[in-house]
Amino acid sequence: MAKYLVIVESPAKVKTIKKFLGKNYEVMASNGHVRDLPKSQLGFSPENDFEPKYITIRGKGEILAKLRKEVKKADKIYLATDPDREGEAISWHLTKALKLDDKDVSRISFNEITKTAVKASLKTPREIDMDLVDAQQARRMLDRMVGYRISPLLWAKVKRGLSAGRVQSVALRIVCDREEEIDAFIPEEYWSLEASLLPEGEKKPITAKLLDKGGEKFEISSEEQMNQVLAELKGKEFKVCDMKKGERTKKAPLPFTTSTLQQEASKALNFPISKTMRIAQQLYEGVDIKGQGTVGIITYLRTDSVRISEEADEAARAFISESYGEEYLSDGEGSKKSNAKIQDAHEAIRPTDINRIPSEIKESLSRDQFRLYQLIWKRFAASRMANAKYETTTVNIAAGDYTFRVSTSKVAFDGFMLAYTEADDEKQEKQVLLKSIDKDTKLKLEEFDPKQHFTQPPAHYTEASLVKTLEELGIGRPSTYSPTITTIIARRYITKENKNLYVTEIGSVVNSIMKESFPTIVDEHFTANMESLLDSVAEGHLNWKTVVANFYPDLEEAVEAAEKDLEKITIEDEVTDEICEVCGRNMVIKYGPHGKFLACPGFPECRNTKPYYEKIGVACPKCGKDVVIKMTRKGRRYYGCIDYPECDFMSWGRPVEKKCPRCGGYMVEKGNKLACADEHCGYTEAKEKETE
Numbered sequence: 001m002a003k004y005l006v007i008v009e010s011p012a013k014v015k016t017i018k019k020f021l022g023k024n025y026e027v028m029a030s031n032g033h034v035r036d037l038p039k040s041q042l043g044f045s046p047e048n049d050f051e052p053k054y055i056t057i058r059g060k061g062e063i064l065a066k067l068r069k070e071v072k073k074a075d076k077i078y079l080a081t082d083p084d085r086e087g088e089a090i091s092w093h094l095t096k097a098l099k100l101d102d103k104d105v106s107r108i109s110f111n112e113i114t115k116t117a118v119k120a121s122l123k124t125p126r127e128i129d130m131d132l133v134d135a136q137q138a139r140r141m142l143d144r145m146v147g148y149r150i151s152p153l154l155w156a157k158v159k160r161g162l163s164a165g166r167v168q169s170v171a172l173r174i175v176c177d178r179e180e181e182i183d184a185f186i187p188e189e190y191w192s193l194e195a196s197l198l199p200e201g202e203k204k205p206i207t208a209k210l211l212d213k214g215g216e217k218f219e220i221s222s223e224e225q226m227n228q229v230l231a232e233l234k235g236k237e238f239k240v241c242d243m244k245k246g247e248r249t250k251k252a253p254l255p256f257t258t259s260t261l262q263q264e265a266s267k268a269l270n271f272p273i274s275k276t277m278r279i280a281q282q283l284y285e286g287v288d289i290k291g292q293g294t295v296g297i298i299t300y301l302r303t304d305s306v307r308i309s310e311e312a313d314e315a316a317r318a319f320i321s322e323s324y325g326e327e328y329l330s331d332g333e334g335s336k337k338s339n340a341k342i343q344d345a346h347e348a349i350r351p352t353d354i355n356r357i358p359s360e361i362k363e364s365l366s367r368d369q370f371r372l373y374q375l376i377w378k379r380f381a382a383s384r385m386a387n388a389k390y391e392t393t394t395v396n397i398a399a400g401d402y403t404f405r406v407s408t409s410k411v412a413f414d415g416f417m418l419a420y421t422e423a424d425d426e427k428q429e430k431q432v433l434l435k436s437i438d439k440d441t442k443l444k445l446e447e448f449d450p451k452q453h454f455t456q457p458p459a460h461y462t463e464a465s466l467v468k469t470l471e472e473l474g475i476g477r478p479s480t481y482s483p484t485i486t487t488i489i490a491r492r493y494i495t496k497e498n499k500n501l502y503v504t505e506i507g508s509v510v511n512s513i514m515k516e517s518f519p520t521i522v523d524e525h526f527t528a529n530m531e532s533l534l535d536s537v538a539e540g541h542l543n544w545k546t547v548v549a550n551f552y553p554d555l556e557e558a559v560e561a562a563e564k565d566l567e568k569i570t571i572e573d574e575v576t577d578e579i580c581e582v583c584g585r586n587m588v589i590k591y592g593p594h595g596k597f598l599a600c601p602g603f604p605e606c607r608n609t610k611p612y613y614e615k616i617g618v619a620c621p622k623c624g625k626d627v628v629i630k631m632t633r634k635g636r637r638y639y640g641c642i643d644y645p646e647c648d649f650m651s652w653g654r655p656v657e658k659k660c661p662r663c664g665g666y667m668v669e670k671g672n673k674l675a676c677a678d679e680h681c682g683y684t685e686a687k688e689k690e691t692e
């Protein structure tokens, strides 16, 4: 009998796939990449036409030896690595590392690890797609150029083993830009007015919001203005002047892509992106289901397509019709505007079998596996279901020159919401339809509820919102979102507190050097354009070496210019007046993972270190001692009193010596302005320009 060898990437898939195939099939794993560019050097040069030099990855020799042994026994070899560029490249590297040129080799790929999909792939073998391989090679070399040419400069300037990455540097800049916006934001006061009105014959009052005056919208920006409005409304009769009933449709959601799954799992399940991808990988590679054995229960998890196969669509429609009724079926397939960036070879993320209901396999899954599978299952089911319909009622109420409005709605047909509700929708208040109000209804004013508000700064990025921004800007691809964010957190360039991302001191330093010396690298439009060029390589429209050759000279020029600038700077440890209590030397300022600290220059003989608190030349508003720059445990900067814990003063904004002329409180820097720290005071003034 003929013997076949199937090589996959992950050992977790071996057991699952082996079960689907007969005794004549041997299934083995490469454990990811087997070859890469050497760590000790760039690995290619313009003199040699950018031809990459690949070597076996350390630790992979034993795996390759075992694979070679099986290759000798096999009559035919199937390369079944993941169905994306990275997987295609791994298959190509395997043909080189295992010297398969004279062997009967085919590439097979499948979007789900089920018996049907695996067997179908064996019937449609193909050759390795060199366009996809070349796109992966180009990406790897571009990333290597940035990392290996820029990182030593950061090391020299900041005196730490820092590193730069092509996509990571842009992601860091996006977070830094948002932090600068937040720091410079000055809140503005505004007021809202609600009237509690009791309709005749009703026991419960309705709440109407002030809409306009004389048919024109206006803003109330102070308490004085609000008092004036209330004075004008005094004694006025409230009458229904307009009433509209209508219908609103809420569209069924599209099935999950990598990006939308990461975002929704963050909101609904509170999963970090790395956890979502790790658990999705387990569900894709195979879990042991009671009575079914080991099987992959979701399709491939790295995709930006919302396409669904005809078979999966038909199965879902049959399930919905039987479980919920014909009226819950959608009219047609959910679709999305065509996007040039989408690689449509993949499907959306969906359950491999719609009939594998989450509650029925709950015992076979861990708690987190169940929660993520249920989210994917519900979203897919909802994507094949009818839109939800709402009955809406809008009532305009006149009081003198002013108009108040009550808008309510109720679900007329739940449609897809019977199966799935997005996390954002669940948080919204449920509204009740107004029953007995018409134009003749008399309304009695119970009370006014004036409220003071302040405009809010842009929200800090979360992992989910950063992924959304990266996707919207065309930066990175489904496989890069998670490692990009994980890397900048691991390097302590950004830190995470209560879901929010904040820039650390070290992150600010790296970002400012990158913006100053390598503006192109951290430019989102340049990075997005590079992604589209890599897509063109993958589609066979562009030679990969052209992309690399065009990028290299500009990078070299920027590196050389930065090196010259750095030569002018003598980088020495900054000596302080702080005396080391162990050996008596003057301590010096050094950079650590969380920013600056004091260290004894006598290292390694003397290993004394202590926190470094940089004074900002401002007296503490509470006790008069020095205000210093401090760091939270996770590396976020703030300003606090040097006498902590005796004095508990702290401020996220940088305090200044000048006191607020309106209330006497302390003021903080807000971009190019100074603002009172008490937002209820609201005083601001322009910051004086510094004279050299």
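Residue 468 in UniProt numbering sits at position 468 of the sequence shown, with consecutive numbering throughout.
Every residue gets a Cβ at the ideal spot worked out from N, C-alpha and C, and that includes glycine.
A quick note: this is a predicted structure, and the numbers were derived from the prediction, not measured.
Under 7 Å Cβ to Cβ from residue i, same chain only, skipping five residues before and after it: list those, please.
i, result
"glycine 351", "Note on residue identity: the sequence assigns proline, not glycine, to residue 351. Taken in chain order, the residues that qualify are Ile297, Ile298, Ile376, Trp377, Phe380."
"arginine 317", "Leu329, Arg384"
"lysine 658", "Met667, Leu674"
"residue 702", "Absent from the model: residue 702. The displayed extent of the chain is 1 to 692, so no value can be given."
"lysine 19", "Gly293, Thr294"
"threonine 16", "Ile113, Glu285, Gly286, Thr294, Val295, Gly296"
"alanine 312", "Arg350"
Check the C-beta distance from residue i over to residue j and give it rounded, since I have them as a contact under 8 Å.
i, j, result
"alanine 382", "tyrosine 324", "That belief does not hold up - the Cβ atoms of alanine 382 and tyrosine 324 are roughly 11 Å apart, past 8 Å."
"lysine 209", "glutamate 194", "5 Å"
"serine 259", "glutamate 463", "So it is not a contact: roughly 11 Å between Cβ atoms."
"phenylalanine 597", "tyrosine 612", "5 Å"
"isoleucine 629", "tyrosine 639", "6 Å"
For the alpha helix (DSSP H) holding residue i, just list the boundary residues, first then last.
i, result
"arginine 107", "Careful: arginine 107 lies outside any alpha helix (DSSP H), inside the beta strand (DSSP E) at 105-107."
"valine 14", "11-20"
"histidine 453", "Unbroken run through histidine 453 is the beta strand (DSSP E), 442-454; no alpha helix (DSSP H)."
"glycine 617", "Here glycine 617 belongs to no alpha helix (DSSP H); instead the beta strand (DSSP E) covers 614-619."
"glutamate 422", "Careful: glutamate 422 lies outside any alpha helix (DSSP H) and carries neither H nor E."
"leucine 372", "367-383"
"tyrosine 481", "481-490"
"aspartate 535", "524-538"
"isoleucine 466", "The sequence given here has leucine at residue 466, not isoleucine. Leucine 466 -> alpha helix (DSSP H) spans 463-473."
Can you check which of these residues, the options, is closest to residue i by C-alpha distance?
i, options, result
"lysine 290", "Glu112, Pro358, Thr609, Gly59", "Pro358"
"serine 106", "Pro83, Glu472, Ala348, Ile128", "Ile128"
"isoleucine 397", "Asp438, Glu86, Arg607", "Asp438"
"arginine 144", "Asp648, Pro125, Ala265, Leu37", "Leu37"
"lysine 362", "Arg371, Ile354, Asn355", "Arg371"
"glutamate 326", "Phe416, Ser222, Tyr502, Pro478", "Phe416"
"cysteine 176", "Gly235, Val118, Asp523", "Asp523"
"alanine 686", "Thr95, Leu470, Ala677, Lys670", "Lys670"
"alanine 97", "Lys119, Arg68, Leu122, Glu310", "Arg68"
"histidine 93", "Lys60, Val510, Ile273", "Lys60"
"glutamate 314", "Glu285, Ser274, Asn355, Gly22", "Asn355"
"tyrosine 66", "Leu42, Val34, Asp49, Glu47", "What sits at residue 66 in the sequence shown is lysine, not tyrosine. Closest option to lysine 66, Cα to Cα, is Val34."
"glutamine 452", "Glu219, Glu422, Glu557, Lys622", "Glu219"
"isoleucine 90", "Gln136, Lys73, Val118", "Gln136"
Excluding sequence positions up to five away, which residues of its chain have a Cβ less than 6 Å from the Cβ of residue i?
i, result
"leucine 153", "Ala562"
"leucine 132", "Arg85, Glu88, Ala538"
"leucine 365", "none"
"glutamate 333", "Residue placement at glutamate 333 is flagged as unreliable, the pLDDT there being 49, under the threshold of 50; the coordinate-derived value follows with that caveat. Result list for glutamate 333: empty, nothing under 6 Å."
Only counting the same chain, and skipping five residues up and downstream in sequence, which positions put a Cβ closer than 8 Å to that of residue i?
i, result
"cysteine 681", "Cys660, Arg662, Cys663, Gly665"
"glutamine 369", "Ile279, Gln282, Leu283, Val287"
"serine 338", "With a pLDDT of only 40 at serine 338, under the threshold of 50, the placement of this residue in the model should not be trusted; the figure read from the coordinates follows. Around serine 338: no qualifying Cβ."
"arginine 585", "Ile579, Cys600, Pro601, Gly602, Cys606"
"glycine 540", "Asp131"
"proline 83", "Ser109, Phe110, Asn111, Tyr300, Ala345, His346"
"glutamine 262", "Ile273, Thr276, Met277, Glu463, Ala464, Val467, Tyr481, Ser482"
Would you give the residue range spanned by the beta strand (DSSP E) that residue i belongs to?
i, result
"arginine 405", "402-413"
"tyrosine 390", "388-399"
"tyrosine 502", "500-503"
"methionine 28", "25-29"
"alanine 208", "206-213"
"tryptophan 191", "189-199"
"glycine 640", "637-641"
"glutamate 497", "494-497"
"lysine 610", "609-611"
Completely contained alpha helix (DSSP H) runs for the region 224-296, where each covers 4 or more residues: 258-269, 273-285
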